[in-house]
Amino acid sequence: MKKTLYQKIFDRHVVHECDNELPIIYIDLHLIHEVTSPQAFDGLRYKKRNLRSPNKTFATMDHNVPTNSRNMYDATPMAKIQMETLINNCKNFNIPLFDLQNISQGIVHVVGPEQGLTLPGTTIVCGDSHTSTHGAFGALAFGIGTSEVEHVFATQTLRQARMKNMRVFVYGQKNNNIFAKDIILYIIKKLGTSGGTGYVVEFTGPIIKSMSMEERMTICNMAIELGAKSGIIEPDQTTFTYLKNKNFSPKNNSWNKYIHYWSSLKSDNQACFNRNISINISNIKPQVTWGTNPSQVISIQNKIPKINTLKTKIEKEDALNALDYMGLKENSYLINIPVDKVFIGSCTNSRIEDLRIVASVVKNKIISKNIKAYIVPGSGLVKKQAEKEGLDKIFIKSGFQWRHSGCSMCLGMNDDQLKPYERCASTSNRNFEGRQGKNGRTHLVSPWMAANIALYGKFININ
Amino acid sequence: MNKFIKHHGKILPLQSSNIDTDIIIPKQFLQKINKIGFGKYLFYNWRFLDSEGKIKNKDFILNNKIYDNSSILLTRKNFGCGSSREHAVWALIDYGFKVIIANSFSDIFFNNSLNNRLLLISLPEKKIDIIFNITKKQKKVFGYIDLLKQELTIEKKIITFNMSEAQKKSVIYGLDQIDDTMYYKKKISTYEENNYPGYIKYS
Numbered sequence: 134m135k136k137t138l139y140q141k142i143f144d145r146h147v148v149h150e151c152d153n154e155l156p157i158i159y160i161d162l163h164l165i166h167e168v169t170s171p172q173a174f175d176g177l178r179y180k181k182r183n184l185r186s187p188n189k190t191f192a193t194m195d196h197n198v199p200t201n202s203r204n205m206y207d208a209t210p211m212a213k214i215q216m217e218t219l220i221n222n223c224k225n226f227n228i229p230l231f232d233l234q235n236i237s238q239g240i241v242h243v244v245g246p247e248q249g250l251t252l253p254g255t256t257i258v259c260g261d262s263h264t265s266t267h268g269a270f271g272a273l274a275f276g277i278g279t280s281e282v283e284h285v286f287a288t289q290t291l292r293q294a295r296m297k298n299m300r301v302f303v304y305g306q307k308n309n310n311i312f313a314k315d316i317i318l319y320i321i322k323k324l325g326t327s328g329g330t331g332y333v334v335e336f337t338g339p340i341i342k343s344m345s346m347e348e349r350m351t352i353c354n355m356a357i358e359l360g361a362k363s364g365i366i367e368p369d370q371t372t373f374t375y376l377k378n379k380n381f382s383p384k385n386n387s388w389n390k391y392i393h394y395w396s397s398l399k400s401d402n403q404a405c406f407n408r409n410i411s412i413n414i415s416n417i418k419p420q421v422t423w424g425t426n427p428s429q430v431i432s433i434q435n436k437i438p439k440i441n442t443l444k445t446k447i448e449k450e451d452a453l454n455a456l457d458y459m460g461l462k463e464n465s466y467l468i469n470i471p472v473d474k475v476f477i478g479s480c481t482n483s484r485i486e487d488l489r490i491v492a493s494v495v496k497n498k499i500i501s502k503n504i505k506a507y508i509v510p511g512s513g514l515v516k517k518q519a520e521k522e523g524l525d526k527i528f529i530k531s532g533f534q535w536r537h538s539g540c541s542m543c544l545g546m547n548d549d550q551l552k553p554y555e556r557c558a559s560t561s562n563r564n565f566e567g568r569q570g571k572n573g574r575t576h577l578v579s580p581w582m583a584a585n586i587a588l589y590g591k592f593i594n595i596n
Numbered sequence: 010m011n012k013f014i015k016h017h018g019k020i021l022p023l024q025s026s027n028i029d030t031d032i033i034i035p036k037q038f039l040q041k042i043n044k045i046g047f048g049k050y051l052f053y054n055w056r057f058l059d060s061e062g063k064i065k066n067k068d069f070i071l072n073n074k075i076y077d078n079s080s081i082l083l084t085r086k087n088f089g090c091g092s093s094r095e096h097a098v099w100a101l102i103d104y105g106f107k108v109i110i111a112n113s114f115s116d117i118f119f120n121n122s123l124n125n126r127l128l129l130i131s132l133p134e135k136k137i138d139i140i141f142n143i144t145k146k147q148k149k150v151f152g153y154i155d156l157l158k159q160e161l162t163i164e165k166k167i168i169t170f171n172m173s174e175a176q177k178k179s180v181i182y183g184l185d186q187i188d189d190t191m192y193y194k195k196k197i198s199t200y201e202e203n204n205y206p207g208y209i210k211y212s
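Residue numbers (the working numbering), protein chains in the order written: chain A, 134 to 596; chain B, 10 to 212.
Structure representation (structure tokens):
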């Protein structure tokens, strides 16, 4: 039988399967952080169970960490307890931890790939929905809840239903200043926030093929915003080049064995996809969200839609609520609307390539005086590389705050938050109500767009 | 553990789609390190007008006394989308919900609910509309669920729903999934011994 890439990886990892039970699949890599793991560790202790594979479990702290220092005690008391709990749990269960004193600390979905922990053909889970990011390497990677975290701790397996297969074929002529973020927002706009529910989405086509690993990670990162279980991209030479000589990548002779295996990881020609979507990106302009879910998107030069042009009653109600929350009007432009804050960071867009794009826009320029702008690198290693290239000096000179790594304002679990009714251009992945702070108004954009908004202090249409 | 076969409860109609987990339980409440006491933070940003939770939003349905002690939440498509935080499920259960009826659920939220015996019933939009219409006509509407028959009865109207055997078993018996999987411990070890190159050794 001809198989999709997802089916190949899934089938390869089946430990046990029988009728009327969910298949048990093996998990190669379990990434953990401070927010979704404490209750799982408690569960192990309560049932007197061991952690099956400490050598396949890696921890970092990211969600709560202060980004204005590397001192845990600068965090809120509750956040500090969570970080201390992670430190103690990792010590007790012998799990490697990238803590605040470790240069490799960072956002879990930045750390995994840059350490070479994320490898093609593997199954990867983490108690975080954006685990789909790792699918960019041809891994089957998905987010799980705390009960499942405990299940992986105890058994190194998960019970998982087989998902349906969707292929999104991306083609066309990419315009200048159009980035992976614009492309994935455009796809989400086309398919909707539940368009991928029940599916693993394989992204393919010449546009995907031409992307760097950083761009592919941005695409797979936001597959979850389509409602998909995961996103996945066939590994190729770009993947192998990125992984070579990373800390945990296979070395020497075993590298060649793995390359041989990884090269076989592709969907068969006649593989059956339950759904095939083709997306032509030839005419798209920079994308920006106007509402409170990632499918409420427009090209910057377009107007927010008229309510009566929306298809369903539910869409109309959603749009009315979103406009009310966002303080916007239907059938109006975002252009010239002032912005209060700009956030460049998150597991979507905080890698070195993203920061280089921002630097290229703001070099020798000063950001608008009504703007507070933050750049939060995805990891200590990204920060170090940016500083080696002198990007930090460009940012600071422009008026940006140059921070330490962490999830930061993406979800505002630390002090990096919006005040009520503040408007933010953000390179993160979710524009939900209250996501960046109660009554905060989030607009998702690419790093290039965010940098331009910072300079002008408002939404701007630049060709 | 008690079997969950039948449930009779009051329906709370929450007329909204794409309710994400940030709405169900905002991030500031994810810093607790246990599983209990999340109910008071459920839909916090909708229930309260202030950050301290002192000023109730009178227009929000959870603050309407008529719906006190509701155990069945009726809502629209894509419920539980967004973050994988299981805290969302803990908050719903702690508040008193046993059943959620919606057009569709996010995949991760679905699994999290299953692991906590929160029953999710997925129905076509037309059937959801019918139930919403009943709740519009009269305020206190009760639902009766029979898991074995896979039937939901509201005001003498019987609606059937689909459910996989694995899902049904999980909700009815509330088995410890880890114990269940541990039964195949030998198979896991065999997999680890035999599976190169799918099996990675991080050194």
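We put the beta carbon where it would ideally sit given N, CA and C, even for glycine.
In summary, the residues of the stretch 535 to 568 of chain A whose CB is separated from some CB of chain B by less than 8 angstroms are LEU544, GLY545, MET546, ARG563, PHE565, GLU566, GLY567 and ARG568, in the order they occur in the chain.
Rounded to whole angstroms, A/GLY268 and A/ILE499 show a C-alpha spacing of 37 angstroms. By the rule that beta-carbons nearer than 8 angstroms mark a contact, A/LYS571 touches chain B.
If only uninterrupted alpha helix (DSSP H) runs of at least 4 residues are considered, those enclosed by the stretch 134 to 207 of chain B are 134 to 146, 174 to 182, 186 to 191 and 194 to 203. Taking a Cβ-Cβ threshold of 8 angstroms, none of the residues of chain A is close to B/ILE81; the smallest such distance is about 20 angstroms.
Per the Cβ contact rule, the stretch 566 to 582 of chain A is in contact with the stretch 413 to 424 of chain A (3 or more Cβ pairs under 8 angstroms).
Neighbours of A/VAL148 in chain B, taken as residues at a C-beta separation under 8 angstroms, are given in chain order as TYR193, LYS196, ILE197 and TYR200. Comparing alpha-carbon positions, the option among B/ILE187, B/LYS135, B/LYS196 and B/ILE168 lying closest to B/LYS158 turns out to be B/ILE168.
Following the DSSP letters along the chain, one finds A/ALA506 inside the beta strand (DSSP E) bounded by residues 505 to 508. In the assembly as shown, A/PRO427 is a buried residue. Its beta-carbon has 16 or more other beta-carbons within 10 Å. For A/ASN197, the C-beta contacts it makes with chain B under 8 angstroms involve GLN40, in order along the chain.
Taking the Cβ atoms as the reference, B/ILE117 lies roughly 7 angstroms from A/ILE277, within the contact range of under 8 angstroms.
Under DSSP, the beta-bridge partners assigned to A/HIS163 are A/THR190 and A/VAL258. Put simply, of A/HIS263, A/GLU281 and A/THR255 the residue whose alpha carbon is nearest the alpha carbon of A/GLY271 is A/THR255. Inclusion of A/PHE286 and A/ASN222 in the CB contact set at 8 angstroms is not warranted, their separation being larger than that value. Linking B/GLY91 to A/LYS189 through their CA atoms gives a straight-line distance of about 26 angstroms.
In the structure shown, A/ALA208 falls within a coil segment according to DSSP collapsed to helix, strand and coil. The beta carbon of A/SER396 sits no closer than 8 angstroms to any beta carbon of chain B. Under the DSSP assignment, A/PRO246 falls in the alpha helix (DSSP H) whose first and last residues are 241 to 247. In the DSSP assignment, A/ILE431 falls within the beta strand (DSSP E) that extends over 430 to 432. For chain B, the residues of the stretch 404 to 436 of chain A that bring a beta carbon within less than 7 angstroms of one of its beta carbons are ASN426, in chain order. Beta-carbon to beta-carbon, B/LEU127 and B/LEU101 are separated by about 6 angstroms, close enough to satisfy the 8 angstroms threshold. Collapsing the DSSP output to three states places A/LEU230 in a strand. A distance below 8 angstroms separates the beta carbons of B/ASN121 and A/SER280. Flagged as an interface residue toward chain A: B/ALA175, by a C-beta distance shorter than 8 angstroms. Taking a cut-off of 8 angstroms on C-beta distances, the stretch 472 to 481 of chain A touches the stretch 500 to 507 of chain A, as three or more cross pairs fall below it. Pairing B/ASN73 with B/PHE52, the inter-Cα distance amounts to about 14 angstroms. The straight-line gap separating the alpha-carbon atoms of B/GLN186 and A/ASP144 is approximately 21 angstroms. In the DSSP assignment, A/SER280 falls within the alpha helix (DSSP H) that extends over 279 to 288. At a C-beta separation below 8 angstroms, B/SER60 has these neighbours in chain A: LYS571. A/ASP261 sits close to B/SER93, with the two beta carbons spaced by under 8 angstroms. Interface criterion not met: the Cβ of A/PRO246 is under 8 angstroms from no Cβ in chain B. At a Cβ-Cβ threshold of 8 angstroms, B/ALA111 and B/THR144 do not count as neighbours. Annotated three-state conformation of A/GLU150 is coil, per DSSP. A/THR575 is classed as buried because its beta carbon has at least 16 other beta carbons within 10 Å across all chains shown.
In this structure, the alpha-carbon of A/TYR391 lies about 7 angstroms from that of A/PRO383.
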